[in-house]
Amino acid sequence: MSTSEGFPASFYGEPGVLGMLSNGISAFLVLLQNFNTAHTGVAPVGVENILAGVHLILIGGLCQLVAGLLSFRKYDHLSGTAFIGYAALWGSYGATRIFYGACNETHQMMSNDFNSTSNTPFRATSVILMFLDESAIAGLVPYILLSFLLAFCSATVNYIMPFVFGAITLTLVFEAAGLVAGPWALVVSGILETCILLFAIYGSAALLTKGLTQRLVLKGFGTPLFNVLLLGTTTSTHTQSIGQEKKKNTKYAEPMALGFFCDTVASFIFAFYSFGYMKSFGLGATWVSIITVALLLSSYYSYLRQDCYHTTKFGLHAAYWLIKAWEEFVVSVLKEKSEREAMVGNWFFVIAALVLCLGSLTTDVFELIHNVLFVLLTVSTIPQIPVQGYYYFFGAALSLFVVVSLYGTFARLINTIAEKALIPVGSQPASTDTLKNALTCKTRHGEKEELAQTDQASDALFYLSNGLAALSALHTASSSTNPAFLHLTLPWVLISGAVLQAYVSRLQEASGGRFGSVIPSVYTAVWATWAWFRFAVAMLALLSVICIYGALASLMNSIFSQRLLPMGPCVLREVVKEESVTELPCPAVDSHLTSSLQTIAACLEEGGVCGIPTDTVYALAASCKNPQAIEKIYNIKDRPAEKPVCICISNVEQLVAAKPPFSPLLWEFMRNVYPGGISCIISKGDWLLRLGVGPAYDRVGTSDSIMIRVPDHTVTSHLCDITGPLAITSANPSGEADSTHHDMVISRLGHKIQGVLCDGHSNEVVASTVVNCLRINEGTITIVREGCVPAAKVQQIFDRVKSSMV
117 MSTSEGFPAS FYGEPGVLGM LSNGISAFLV LLQNFNTAHT GVAPVGVENI LAGVHLILIG
177 GLCQLVAGLL SFRKYDHLSG TAFIGYAALW GSYGATRIFY GACNETHQMM SNDFNSTSNT
237 PFRATSVILM FLDESAIAGL VPYILLSFLL AFCSATVNYI MPFVFGAITL TLVFEAAGLV
297 AGPWALVVSG ILETCILLFA IYGSAALLTK GLTQRLVLKG FGTPLFNVLL LGTTTSTHTQ
357 SIGQEKKKNT KYAEPMALGF FCDTVASFIF AFYSFGYMKS FGLGATWVSI ITVALLLSSY
417 YSYLRQDCYH TTKFGLHAAY WLIKAWEEFV VSVLKEKSER EAMVGNWFFV IAALVLCLGS
477 LTTDVFELIH NVLFVLLTVS TIPQIPVQGY YYFFGAALSL FVVVSLYGTF ARLINTIAEK
537 ALIPVGSQPA STDTLKNALT CKTRHGEKEE LAQTDQASDA LFYLSNGLAA LSALHTASSS
597 TNPAFLHLTL PWVLISGAVL QAYVSRLQEA SGGRFGSVIP SVYTAVWATW AWFRFAVAML
657 ALLSVICIYG ALASLMNSIF SQRLLPMGPC VLREVVKEES VTELPCPAVD SHLTSSLQTI
717 AACLEEGGVC GIPTDTVYAL AASCKNPQAI EKIYNIKDRP AEKPVCICIS NVEQLVAAKP
777 PFSPLLWEFM RNVYPGGISC IISKGDWLLR LGVGPAYDRV GTSDSIMIRV PDHTVTSHLC
837 DITGPLAITS ANPSGEADST HHDMVISRLG HKIQGVLCDG HSNEVVASTV VNCLRINEGT
897 ITIVREGCVP AAKVQQIFDR VKSSMV
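Counting in this note's numbering, the sequence shown runs from 117 upward without gaps.
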């Protein structure tokens, strides 16, 4: 039996197929235009450019964006970063083509208008086309540098992607040269784009056959050009006791490289403009806006990894680049650079950057340096700097930020690929204990107060967005009534208060966070209509100060998972205590009590679905004696029907008693991984009836295979002893983050289930690692999903067991 028949094909999806085909087709669209221009000597007409731009956005942008998002969910650091980065590139290049098309159309109309009495409009469109060339070059250059880095890093993974990314690098070089050097550069670019297409087709075919057959039929993937370990030796770092290492064990790839990638592009475009190489920022604002979307995605995946620091950092950077982009656009359109307004919101960014510096003391030296440069960047835009020196200071700070961000992209990519600190980033700047003691707020009993059981990864962003919007609106209310100034203020309030706040609302809603989705949504509506409300000046100033403290407290409390800085008591604390039992949507019982176990067991016996703790994250459980209850799980989670649920037992001896026809190698492997955070996929058989799965035989697993879990968790083990085998799956709405505390289960699914066994924080932040053992007798296992146990460790255990059997 093949692997693909033993488990749903969705687990073996290869988003690289979509990503590389998107690159190939996008390159093909551009090469057609380049060859036509070189052959005829005439640039594409307006409509043709517009259509090409739309196709680039749809194929190279949106399709590749989907590939990048799926790659992040497959724990693929390199592909996730590359595909989302290139999605921004093709999307920006498509927008550039649309700009060219619109201006060409206007230019052609002006040149054909023989009745025109003035050639001023004609000259104006010529100037606009020249500005577009400058902006396009400014956008292409950072992508050239980053594409080279991606090509180099991909050589440590396989030998197909380096050729694809390398061809993209050279193509961008000649595309930029074609804007100033003439048709010959477009011909060279077209040849290179042909190479991109050919490499992408082969790479897609190789990945597609790998996904279908679960083996490497075509060469290229799985064999790197050189070993990543040749780049250096592992650097030693201080032990981090705040759970940073634990957060690496996740089903989502690390998004830090993508965040630095986006910072590099945005800061380079601004530096190009600040030093006077761009006369207009219209197209530049478009490029920055598109890369900002990618930066928000890096914040989002940091949030899914429960990494509050990077969630806040990348979210704040996204707000900064987006606000500054549209501020410069308004300045370039409505005002001269020498007449720019001093925006008080810049001071808020300085303070927020200092908050990030404090948060980075728990990471590494490189993060601290990067944040210090971001402080310098924000200081360079404060109102007190004379206009004459503003752009030079800003440009110099941006140049330093570009260099460090470029290094950060390279270091984070290589280190995440190798899962070792090969490229030096420094150790933790300050002792964790020292920071905690400096920030700790003691309770009345002298003990450190634990955080409330809610996901707080997005709380700091909530405060920052409101604080920035309040201070910007305060500036408007107390300053000029000039229409040009009001246009300049719009990006500050609307982007921070509406755009970023809407993003925070989504994060809060997804996790059942402290504020929920209602409060951020209300603030979104309020700031979106701030011009009509005209708040009182004093209230806005007070709100801004409160939000700075709230951001600092939320960030530090979330990093250390303790109430270090006070946020104040719950306003309705006493009411909640009195009515908590009646207000809960389902029964919630304490896992430390035997009576609680009996209550949940009785509920399961009666056909109920309950949330239970495991050694990884919380799970939904149903008794295998009640097949209808297993069907309920799919409705409760909105889980796709093709994804089977696994069964959970208390110990391996239960399997021994069922007498399954396992090979000695499989028995020995299972004894080495059970109990623990590993799930094994094995063949179904009559032995499941003897195990006690009888009534649910057709409701669990697939037609041929079943996944077995033996959690290393006393409570779950005792529960299985009482109820027999349980059908389980993670206790979260399908597609959302796992539940790591019983409060999350109650808030998200409590109204749909019949009970929750409360055990506090989960031991892990992600689910188990799934191992396909269907071909173990052939000496092969396959990692279907990397969870809390790293794939390398699973393979190490298997190799040790296999060698001992020999």
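Quick reminder that beta carbons are idealized off the backbone N, C-alpha and C, glycines included.
| query | result |
| --- | --- |
| Integer Cβ distance of residue 876 from residue 703, believed to fall under 8 Å | Incorrect: roughly 17 Å between the Cβ atoms, too far for contact. |
| Extent of the continuous alpha helix (DSSP H) to which residue 525 belongs | 503-534 |
| Simplified DSSP assignment, three categories, for residue 398 | helix |
| Residue 620 versus residue 636: straight-line alpha-carbon distance, rounded | 7 Å |
| Alpha-carbon spacing of residue 384 relative to residue 910, whole angstroms | 43 Å |
| Rounded distance between the beta-carbons of residue 139 and residue 312, thought under 8 Å | 6 Å |
| Sequence-distant residues of the same chain with beta carbon closer than 7 Å to residue 274, five excluded per side | 336, 337, 338, 339, 340 |
| Span separating the alpha-carbon of residue 396 from that of residue 213 | 17 Å |
| Beta-carbon contacts of residue 359 that lie in its chain and below 6 Å, excluding the five residues immediately before and after | Because residue 359 sits at a pLDDT of 42, beneath the cut-off of 50, its placement in the model cannot be relied upon, and the following sentence gives the value as read from the coordinates. No residues qualify anywhere along the chain. |
| Rounded distance between the beta-carbons of residue 193 and residue 369, thought under 8 Å | 5 Å |
| At least three beta-carbon pairs within less than 8 Å, the stretch 813-821 to the stretch 767-775 | no |
| Residue interval of the beta strand (DSSP E) (run including residue 919) | No beta strand (DSSP E) holds residue 919; the alpha helix (DSSP H) holding it covers 907-921. |
| Cβ-based burial, residue 706 [other Cβ within 10 Å; buried from 16] | exposed |
| Assigned exposure category for residue 894 - 16 Cβ within 10 Å defines buried | exposed |
| Member of 390, 586, 844, 281 whose CA lies at the smallest distance from the CA of residue 441 | 390 |
| Boundaries of the alpha helix (DSSP H) in which residue 806 is found, first to last residue | 803-807 |
| Three-state secondary structure assigned by DSSP to residue 392 | coil |
| Environment of residue 612 [buried if 16+ CB atoms lie within 10 Å] | buried |
| Sub-8 Å separation of residue 533 and residue 539 beta-carbons | no |
| Backbone CA spacing between residue 616 and residue 371 [nearest angstrom] | 19 Å |
| Candidates 796, 400, 393, of which the one nearest residue 382 by Cα | 400 |
| Inter-residue spacing [alpha-carbon to alpha-carbon] between residue 654 and residue 589 | Because the pLDDT of residue 654 is 48, which lies under 50, any placement of that residue in the model is unreliable, and the number read from its coordinates should be weighed accordingly. If I take the Cα positions, the gap works out to 11 Å. |
| Straight-line gap, residue 434 to residue 180 (C-alpha atoms, nearest Å) | 21 Å |
| Neighbour-count burial assignment, residue 519, 16 or more Cβ in a 10 Å radius | exposed |
| Sub-8 Å separation of residue 414 and residue 430 beta-carbons | yes |
| Exposure of residue 500, with buried meaning 16 or more beta-carbon neighbours within 10 Å | exposed |
| Buried/exposed call for residue 352, threshold 16 Cβ in 10 Å | In this predicted model, residue 352 has a pLDDT of only 46, less than 50, meaning its place in the structure is not dependable; the value taken from the coordinates is given anyway. Counting Cβ neighbours within 10 Å, residue 352 comes out exposed, since fewer than 16 surround it. |
| Limits of the beta strand (DSSP E) - the one that residue 459 falls within | Taken as a continuous stretch (DSSP letters only), residue 459 belongs to no beta strand (DSSP E), as it is neither H nor E. |
| At least three beta-carbon pairs within less than 8 Å, the stretch 728-736 to the stretch 878-887 | yes |
| Residue 171 in three-state terms, based on DSSP | helix |
| Beta-carbon spacing of residue 403, residue 255 below 8 Å | yes |
| Proximity winner among 420, 374, 424, 426, relative to residue 409 (alpha-carbon distances) | 374 |
| Backbone CA spacing between residue 809 and residue 133 [nearest angstrom] | 39 Å |
| Secondary structure of residue 240, DSSP reduced to three states | Per-residue confidence for residue 240 stands at a pLDDT of 42, beneath the threshold of 50, marking its modelled position as unreliable; no derived number is given. |
| Proximal residues to residue 610 (C-beta, below 6 Å), its chain only, five neighbours per side dropped | none |
| Beta carbon of residue 765 nearer than 8 Å to that of residue 822 | no |
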